[in-house]
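J.:
Numbering (full-length UniProt numbering), first residue to last: 1 to 282.
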């Protein structure tokens, strides 16, 4: 398979978990009707982005993997024949929680989980209160649409993980986010395209959109959506999603472009891992 249609969702918190899950099931059906073969939801999609505050009540959104949500979306993936990247608040055991994403293949099988490695601890992004750092490495999953990796939100500021995914053979890296305005706007324009070009793969970046005032009132930040797909040449594929409105959007990508770009630039041939000792020594 060389031509693949991928979909991304972006939406604010609806106010309760069940309606949030139902909305994403509907988005998935809409994407399937447009020919999408894979879909990724925004970061921690079953709840609000609770990093806004440090409050133990949000621990209740954590759930086991596999568990009720993975079972529900595994059935949906099998029904629609779609690969689903499912970002969840994972409970490994009571008090041990991760910011994770499950990769479900088009036959409904759970291929595995990625756990977010890099955790911010800044105003409005108090993630170290809620999560342990990821400890499952940078897995690449062999799916019905190709070799898929995941990198979550704040991870994207760290080039080392992007490279790990490339070395693992990733062809598409899904990057679910909860990213708010400010200095990050410029980063949003640059980082995923730079990573896609440096590593020679597609990046599909989904972001929340809108202000979750129904949960946080005046404390809420306004997520800016603008979900997009970028190719291994660093060029955007089609248009970005809205910066203000909830939606599901589908893009068509050609995996043959990966070989074309890699043979043109030869970054993997010319890299010098023997000279990079300080990266892990410091």
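The beta carbon of each residue, even a glycine, is placed where N, CA and C say it ideally should be. Remember, it's a predicted structure, so these values are computed and weren't measured experimentally.
Among residues of its own chain, excluding the 5 on either side of residue 83, which ones have a beta-carbon nearer than 8 Å to its beta-carbon?
T.: On the chain shown, residue 83 is found 83 positions in, with the first residue counted as 1. Answer for residue 83: 37, 38, 39, 77, 103, 104, 105, 106, 143, 144, 145 and 148, listed in chain order.
J.: With a cut-off of 8 Å on the beta carbons, I'd call residue 100 and residue 88 a contact; round off their distance for me.
T.: Residue numbering aside, residue 100 sits at position 100 when the chain shown is read from its first letter. Residue numbering aside, residue 88 sits at position 88 when the chain shown is read from its first letter. That pair is a contact at about 5 Å.
J.: From residue 56 to residue 126, what does the alpha carbon distance come to, in whole angstroms?
T.: For this step, residue 56 is matched to residue 56 along the chain shown. For this step, residue 126 is matched to residue 126 along the chain shown. Rounded to the nearest angstrom, the two C-alpha atoms are 12 Å apart.
J.: Between the alpha carbons of residue 271 and residue 194, how many angstroms are there, rounded?
T.: The residue labelled residue 271 in the question sits at position 271 within the chain shown. The residue labelled residue 194 in the question sits at position 194 within the chain shown. Their backbone Cα atoms lie some 16 Å apart in a straight line.
J.: Please work out which residues of its chain come closer than 6 Å, Cβ to Cβ, to residue 4, disregarding the five sequence neighbours upstream and downstream, and give them in chain order.
T.: Counting from one through the chain shown, the residue named residue 4 turns up at place 4. Excluding residues within five positions, the ones whose Cβ falls inside 6 Å are 37, 145 and 253.
J.: Are the CB atoms of residue 69 and residue 248 within a distance shorter than 7 Å?
T.: Taking the first residue of the chain shown as 1, we reach residue 248 at position 248. Taking the first residue of the chain shown as 1, we reach residue 69 at position 69. Not closer than 7 Å, so no.
J.: Where are the beta strand (DSSP E) runs, 3 residues long or more, that stay fully inside the segment 84–111, in chain order?
T.: DSSP runs (the beta strand (DSSP E)) wholly in the segment 84–111: 96–104.
J.: Whole angstroms are fine: how far does the CA of residue 67 sit from the CA of residue 238?
T.: Taking the first residue of the chain shown as 1, we reach residue 238 at position 238. Taking the first residue of the chain shown as 1, we reach residue 67 at position 67. Distance between the alpha carbons of residue 238 and residue 67 is about 36 Å.
J.: Answer yes if the segment 183–192 comes into contact with the segment 151–158, meaning at least three C-beta pairs across the two stretches below 8 Å, and no otherwise.
T.: Flag = yes, the segment 151–158 and the segment 183–192 touch.
J.: Could you check which residue in 65, 13, 203 and 132 has the C-alpha nearest to that of residue 240?
T.: For the purposes of this step, residue 240 is taken as residue 240 along the chain shown, with counting starting at 1. Comparing Cα positions, the closest option is 203.
J.: Grab me the residues of residue 91's own chain with a C-beta within less than 7 Å of its C-beta, minus the 5 sequence neighbours each way, in chain order.
T.: For the purposes of this step, residue 91 is identified with residue 91 of the chain shown, where counting begins at 1. So the list reads 62, 63, 64 and 97, once near-sequence residues are dropped.
J.: Quick one: what's got a C-beta closer than 6 Å to residue 224's C-beta in the same chain, skipping five residues either side?
T.: Within the chain shown, the letter at position 224 stands for residue 224. For residue 224, where only same-chain residues beyond five positions count, the Cβ hits under 6 Å are 181 and 243.
J.: Looking at the unbroken alpha helix (DSSP H) that takes in residue 258, where does it start and where does it end?
T.: Within the chain shown, numbered from 1, the residue matching residue 258 stands at position 258. Note, residue 258: alpha helix (DSSP H), 256–265.
J.: Does the distance from the C-beta atom of residue 72 to that of residue 46 stay below 7 Å?
T.: Mapped onto the chain shown, residue 72 falls at position 72. Mapped onto the chain shown, residue 46 falls at position 46. No, they are not a contact pair.
J.: Where residue 275 and residue 211 are concerned, what is the direct C-alpha to C-alpha distance, given to the nearest angstrom?
T.: The residue given as residue 275 occupies position 275 in the chain shown. The residue given as residue 211 occupies position 211 in the chain shown. If I take the Cα positions, the gap works out to 45 Å.
J.: Considering only the beta carbon of each residue, do residue 150 and residue 174 sit closer than 7 Å?
T.: Counted from its first residue, the chain shown places residue 150 at position 150. Counted from its first residue, the chain shown places residue 174 at position 174. Yes, these two residues count as a Cβ contact at 7 Å.
J.: Report the option in 48, 7 and 23 whose CA atom is closest to the CA atom of residue 215.
T.: Counting from one through the chain shown, the residue named residue 215 turns up at place 215. When each option's Cα is compared against that of residue 215, the closest is 48.
J.: Closest to residue 109 by C-alpha separation, out of 273, 85 and 171, would be which residue?
T.: On the chain shown, residue 109 is found 109 positions in, with the first residue counted as 1. Taking only the C-alpha atoms, the option nearest residue 109 is 85.
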